[in-house]
Amino acid sequence: MPRKLSERLSSVAPSATLAMAAKAARLRGEGHKVFSFSVGEPDFATPSHICEAAKAALDAGATHYTPVTGTAELKAAICAATERHRGWKPQPSQVTVSCGAKHALFNLAMALFEPGDEVVIPAPYWVSYPEQVRLVGASPRIVETTEEQGFLLTPAALSAALTPQVKAIILCSPSNPTGAAYSAEQLTCLAEVLRRHDCWIILDEIYSDLVYDGFRHVALPAIAEDLAPRTIIVDGVSKTYAMTGWRIGWSISPLEVAKALDVVQGQSTTNAAAVSQAAAVAALSGSRVEVHAMRDAFSKRRDVMVRGLNAISGVRCRRPEGAFYAFADFRGVIGRSFQGRTLGDDIDLANFLLEQGHVATVPGTPFGAPGYLRLSYACDEAEIEAGVAAIRSTMEMLD
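Right, dumping it as structure tokens:
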């Protein structure tokens, strides 16, 4: 039999976010100043008390294997933090600690989905949701939302999407890429629909501590206890604590799912890094003063980014409730041309901005939203102002 790659990869697209970051890195390597609005990574350093805890853990010997699904100390810290900040209390046996929230989602796809299954995913969506579903042979069932609806799934749209083939729904609040978030009232209405269909409910809460203007994140298990036996929460320390490189995420799931995840992870990565788990304990158990300072900074940056984008002719940007992304409508610009070359879509536009303005964004098409660009405001205000000015001046080059 000839050597070839797995057929399953033919249906999976590479990460658009990482692709744009790689192009930006190439330009930097050539000596160009690049405004990086592409990757969703806080520019803050991990708080010092977390780093000190990691150093102490190394000195104490945190260099060996841990239990597959995480140390007892970290599981206890996750449960305590969930009760403290999310308003409901899971048990340590429900927690599976993984190498980041993306890994937790991948494990869930491996454990839950198979060919013939459908998974409801509202669009715009994080680029990895549908690709992970496809990777295991299942099918994403994309449900469109609109900017006029706040990029939120409506009960009517959810009800129409829940066919007998639907195995699960994935919701992200606040959302990557839109920053849109579901209120308690909106989640309650969705819960009413979900009670009529027996599917898994997967909630990605990785940005839930980054909400602004008094918006209050509400966890579904806190307001719909009857759905807890089929609700799965995905979270982690990457965004809230500026710990992207530490690679610690987790899922909180019903016990039968947690046992299945133990099997999946036991045959793949085994445990997350021991020292990173110790650092995550310090993050979840320690002071949140720096977390609040980062959140306040993101709120100010959001306003600078949104205000600047809305001042550009042909561009419209909604003010998001959370996360650190502006999801801007550039359809008023698409179709214009540069040196005889028409910008036919958002992918052309993103490449144009990078090549001519040295501004790295991510096109909306891979998020299920053609005509939009996602811009991360996880950088300082001066960088945002200069980057938006570069977008404006680059747009002036168009015919």
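With the working numbering applied, the sequence shown corresponds to residues 11 to 409, in that order. Here a beta-carbon is modelled for each residue, glycine too, at the ideal position from N, C-alpha and C.
Among all the DSSP beta bridges, which residues are the ones paired with SER386?
Walking along the sequence shown from the start, residue 386 turns up at place 376. SER386 pairs with TYR335.
If ILE233 sits next to THR198, beta carbons under 8 Å apart, how far is it from one beta carbon to the other, in whole angstroms?
Taking the sequence shown and counting its residues from 1, one reaches residue 233 at position 223. Taking the sequence shown and counting its residues from 1, one reaches residue 198 at position 188. Confirmed, about 6 Å.
Return the chain-ordered ranges of every alpha helix (DSSP H) run that is complete within the region 239-278 and spans a minimum of 4 residues.
If we require 4 residues or more, the alpha helix (DSSP H) runs fully inside the region 239-278 come out as 265-276.
Exposed or buried, SER2, counting other C-beta atoms within 10 Å across all chains shown (16 or more means buried)?
With the chain covering only 11 through 409, there is no way to say anything about residue 2.
Taking only three categories from DSSP, how would you classify GLU158?
Sequence index remark: in the sequence shown, residue 158 carries index 148 (1-based). Residue state, collapsed to three classes: helix.
Indicate the three-state DSSP secondary structure (helix, strand or coil) for PRO102 in the structure shown.
Start at 1 with the first residue of the sequence shown, and residue 102 comes out as number 92. Correct three-state label for PRO102: helix.
Using the Cβ count rule (16 or more neighbours within 10 Å means buried), how would you classify ARG7?
Residue 7 lies beyond the stretch modelled for the chain, which goes from 11 to 409, so this question has no answer here.
Can you give me the start and stop residues for the beta strand (DSSP E) that LEU213 sits inside?
Start at 1 with the first residue of the sequence shown, and residue 213 comes out as number 203. For LEU213, the enclosing beta strand (DSSP E) begins and ends at 210-214.
What runs of the alpha helix (DSSP H), each 4 residues or longer, lie entirely inside the region 299-386?
With a minimum length of 4 residues, the continuous alpha helix (DSSP H) runs that stay inside the region 299-386 are 299-320 and 356-367.
Contacts around THR73, its chain only, beta-carbon distance under 8 Å, and the 5 residues preceding and following it disregarded
To locate residue 73, count along the sequence shown from 1; it is residue 63. Cβ neighbours of THR73 within its own chain (closer than 8 Å, five residues either side excluded): ALA284 and VAL285.
Quick test of your reading: LEU364 and LYS33, contact by CB under 8 Å. State the CB separation rounded to the nearest angstrom.
One-based indexing of the sequence shown puts residue 364 at position 354. One-based indexing of the sequence shown puts residue 33 at position 23. Contact annotation, LEU364 with LYS33: C-beta distance approximately 6 Å; criterion of less than 8 Å satisfied.
Check whether the region 340-348 touches the region 378-392, taking contact to mean three or more Cβ pairs, one atom from each stretch, closer than 8 Å.
The region 378-392 and the region 340-348 touch, with three or more beta-carbon pairs separated by less than 8 Å.
DSSP three-state label for PHE45, please.
Within the sequence shown, residue 45 is the residue found at index 35, counting from 1. Correct three-state label for PHE45: strand.
Can you tell which of VAL146, THR156 and ASP208 has the C-alpha that lies nearest to the C-alpha of PHE337?
Within the sequence shown, residue 337 is the residue found at index 327, counting from 1. Selected option, being the one with the closest Cα: THR156.
Buried or exposed: where does ALA91 fall if 16 or more other Cβ atoms within 10 Å of its Cβ makes it buried?
Residue 91 sits at position 81 when you count from the first residue of the sequence shown. Here ALA91 is buried: its Cβ has 16 or more other Cβ atoms, across all protein chains shown, within 10 Å.
Three-state secondary structure assigned by DSSP to GLU17:
Within the sequence shown, numbered from 1, the residue matching residue 17 stands at position 7. In the three-state scheme derived from DSSP, where H, G and I count as helix and E and B as strand, GLU17 is classed as helix.
Just to confirm the assignment, what range does the beta strand (DSSP E) spanning LEU181 have?
Residue mapping note: residue 181 aligns to position 171 of the sequence shown, counting from 1. First-last of the beta strand (DSSP E) with LEU181: 176-182.
Determine the contact status of PRO102 and ALA82, defining contact as a CB-CB distance below 8 Å.
As a working mapping, residue 102 is identified with position 92 in the sequence shown. As a working mapping, residue 82 is identified with position 72 in the sequence shown. Cβ atoms of PRO102 and ALA82: closer than 8 Å.
Are the CB atoms of LEU213 and ALA190 within a distance shorter than 8 Å?
As a first step, residue 190 is located in the sequence shown; it is residue number 180 there, counting from the start. As a first step, residue 213 is located in the sequence shown; it is residue number 203 there, counting from the start. Not a contact, by the Cβ cut-off of 8 Å.
Nearest-angstrom beta carbon gap, CYS109 and ALA282 [assumed within contact, 8 Å]
Along the sequence shown, one-based indexing puts residue 282 at 272. Along the sequence shown, one-based indexing puts residue 109 at 99. For ALA282 against CYS109, the beta-carbon gap comes to about 5 Å, under 8 Å, which counts as contact.
Please determine if the region 387-398 and the region 46-53 are in contact, where contact requires at least 3 C-beta pairs separated by less than 8 Å.
Between the region 387-398 and the region 46-53 there are three or more inter-stretch CB-CB distances shorter than 8 Å, so the stretches are counted as touching.
Cα-Cα separation between ALA86 and GLN104, rounded to whole angstroms
Taking the first residue of the sequence shown as 1, we reach residue 86 at position 76. Taking the first residue of the sequence shown as 1, we reach residue 104 at position 94. Near 11 Å, if we compare the C-alpha coordinates of GLN104 and ALA86.
What would DSSP say about GLU124, mapped onto helix, strand or coil?
The residue given as residue 124 occupies position 114 in the sequence shown. Here GLU124 carries a coil assignment [DSSP, helix/strand/coil].
Could you give the DSSP three-state label for VAL129: helix, strand or coil?
The sequence position of residue 129 within the sequence shown is 119, counting from 1. Of the three classes helix, strand and coil, the one that applies to VAL129 here is strand, per DSSP.
Mind checking HIS227: buried by the 16 CB within 10 Å criterion, or exposed?
Counted from its first residue, the sequence shown places residue 227 at position 217. Buried, since its Cβ has 16 or more Cβ neighbours within 10 Å.
Short of 7 Å in beta carbon distance, which residues of its chain neighbour ALA288, apart from the five on each side in sequence? Order them along the chain.
Your numbering for residue 288 matches position 278 in the sequence shown. Cβ neighbours of ALA288 beyond the five flanking positions: ALA63, ALA64, ALA67 and ALA72.
Have a look at ILE131, PRO165 and ALA167 and flag the residue whose alpha-carbon is nearest the alpha-carbon of PRO150.
Locating residue 150 in the sequence shown gives position 140, where the first residue counts as 1. Nearest option by C-alpha distance: ILE131.
For SER297, the three-state DSSP class (helix, strand or coil):
In the sequence shown, the residue the question calls residue 297 occupies position 287. In the three-state reduction of the DSSP assignment, SER297 falls in the coil class.
At what residues does the alpha helix (DSSP H) containing LEU200 begin and finish?
Here residue 200 refers to the residue found at position 190 when the sequence shown is read from its first residue. Start and end: 194-204.
Using DSSP with H/G/I as helix, E/B as strand and the rest coil, what is ARG226?
Taking the sequence shown and counting its residues from 1, one reaches residue 226 at position 216. Coil at ARG226, not helix or strand.
Boundaries of the alpha helix (DSSP H) in which ALA399 is found, first to last residue:
Numbered from its first residue, the sequence shown carries residue 399 at position 389. Per DSSP, ALA399 is one residue of the alpha helix (DSSP H) stretching across 391-405.
If we ignore side chains and look at the alpha-carbon of each, how far apart do ASP245 and VAL291 end up?
The residue you call residue 245 lines up with position 235 of the sequence shown. The residue you call residue 291 lines up with position 281 of the sequence shown. Going from the Cα of ASP245 to the Cα of VAL291 covers about 14 Å.
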